[in-house]
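Here my numbering = 1-based position in the sequence shown + 2. Please read the structure below before turning to the comments.
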Amino acid sequence: MLDSVYILETLSPKDFYERRLDGHAANEILKILDVTTEYRIAFTKPLVERAITEAAKSKAQILHFSSHGNSTGVILTNRKNISWKAFVELIKPAAGPDKALVMATCGGGDQQLTKALTAADVVFGWVFGSTAEKVHFSDSCLAWSILYNRLYDHGFDKHALMTTLKAINAAIDGDFVYRRWTGKKYLRFPTEK
Numbered sequence: 003m004l005d006s007v008y009i010l011e012t013l014s015p016k017d018f019y020e021r022r023l024d025g026h027a028a029n030e031i032l033k034i035l036d037v038t039t040e041y042r043i044a045f046t047k048p049l050v051e052r053a054i055t056e057a058a059k060s061k062a063q064i065l066h067f068s069s070h071g072n073s074t075g076v077i078l079t080n081r082k083n084i085s086w087k088a089f090v091e092l093i094k095p096a097a098g099p100d101k102a103l104v105m106a107t108c109g110g111g112d113q114q115l116t117k118a119l120t121a122a123d124v125v126f127g128w129v130f131g132s133t134a135e136k137v138h139f140s141d142s143c144l145a146w147s148i149l150y151n152r153l154y155d156h157g158f159d160k161h162a163l164m165t166t167l168k169a170i171n172a173a174i175d176g177d178f179v180y181r182r183w184t185g186k187k188y189l190r191f192p193t194e195k
């Protein structure tokens, strides 16, 4: 049910040196599953823009964005901070109601991202991420491995996705969520406590 993922990685220089690359790890899992992938490393905003253009042309089902982040936005390799509002404009060409966005960042599941998407009228059918301030490399790799294995087997069925998020959150500490576009707004699962 999962056939294509575009992975864009823009982590810190130290992460590249120490090979803590969750996007690369996700790419390897997807290859094992025989899912078509494209993996790009982008150190600067112009390279991120180029990758997003490629992702839009590729018709990939999922845009997997791996970077550092927090509740206010993302941070590129060259340490450029991008607010959620600016990030949404950046990824707009790759959006679509039948596509998913995987935010492999700390704070990538933050409500501010979906508020920025809604305000800019940019829609992804599903947005996955963690609301935690800190997600460790091994936890991120495990979360995306579970997600992609389950998407491969079950697709984007709502009840299957609920089971997937329960499995991720049972395996690791990171408050992983997904938000599903209803046509009017994003609904979060698990719901806020």
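From the three backbone atoms N, C-alpha and C, an ideal C-beta is built for every residue, glycine too. In this text, all values refer to a predicted model and were calculated from it rather than measured experimentally.
key: Three-state secondary structure (DSSP) of Asn171   = The answer is helix: DSSP assigns Asn171 an H, G or I state.
key: Candidates Lys33, Ser73 and Leu13: closest to Arg81 by CA position   = For Arg81, the closest alpha carbon among the candidates Lys33, Ser73 and Leu13 is that of Leu13.
task = Go ahead and pull the three-state DSSP assignment for Asn72.
result = Strand, per DSSP.
ask   = Span of the alpha helix (DSSP H) holding Gly98?
value = In the DSSP assignment, Gly98 falls outside any alpha helix (DSSP H) and lies within the beta strand (DSSP E) extending over Gly98 to Ala106.
inquiry  = Are the CB atoms of Ala106 and His66 within a distance shorter than 8 Å?
reply    = Yes, these two residues count as a Cβ contact at 8 Å.
query = Can you find a heavy atom of the ligand ADP that lies under 7 Å from the Cβ of Arg190?
reply = This structure does not include the ligand ADP; it has no bound ligands of any sort.
task = Measure how close the beta-carbons of Lys87 and Ala58 come, nearest whole angstrom, since I'm counting them as under 8 Å.
result = Beta-carbon to beta-carbon, Lys87 and Ala58 are separated by about 19 Å, too far to satisfy the 8 Å threshold.
ask   = Does the region 91-106 come close enough to the region 115-135 that 3 or more CB-CB pairs lie under 8 Å?
value = Yes, they touch.
task = Following the continuous beta strand (DSSP E) through Gly111, name the residue where it begins and the one where it ends.
result = According to the DSSP assignment, Gly111 belongs to no beta strand (DSSP E), since it is labelled neither H nor E.
key: Ile9 versus Met3 - alpha carbon distance   = Approximately 18 Å, taken between the alpha carbons.
key: Nearest to His70 (by Cα), restricted to the options Gly110, Lys33, Lys160 and Arg152   = His70 has its Cα closest to that of Gly110, out of Gly110, Lys33, Lys160 and Arg152.
task = Return yes when the Cβ of Thr120 is within less than 8 Å of the Cβ of Tyr180, no when it is not.
result = No Cβ-Cβ contact shorter than 8 Å links Tyr180 with Thr120.
query = Between the C-alpha atoms of Ala162 and Arg21, what's the straight-line distance to the nearest angstrom?
reply = Each residue's alpha carbon lies about 32 Å from the other.
key: 8 Å Cβ cutoff met for Arg182 and Thr166   = Arg182 is not a Cβ neighbour of Thr166, given a cutoff of 8 Å.
key: Ile170 versus Lys136 - alpha carbon distance   = Answer to the nearest angstrom: the Cα atoms are 16 Å apart.
task = Just tell me which of Thr79, Val37, Ile43 and Leu35 has its CA closest to the CA of His26.
result = Among Thr79, Val37, Ile43 and Leu35, the Cα nearest to that of His26 is on Ile43.
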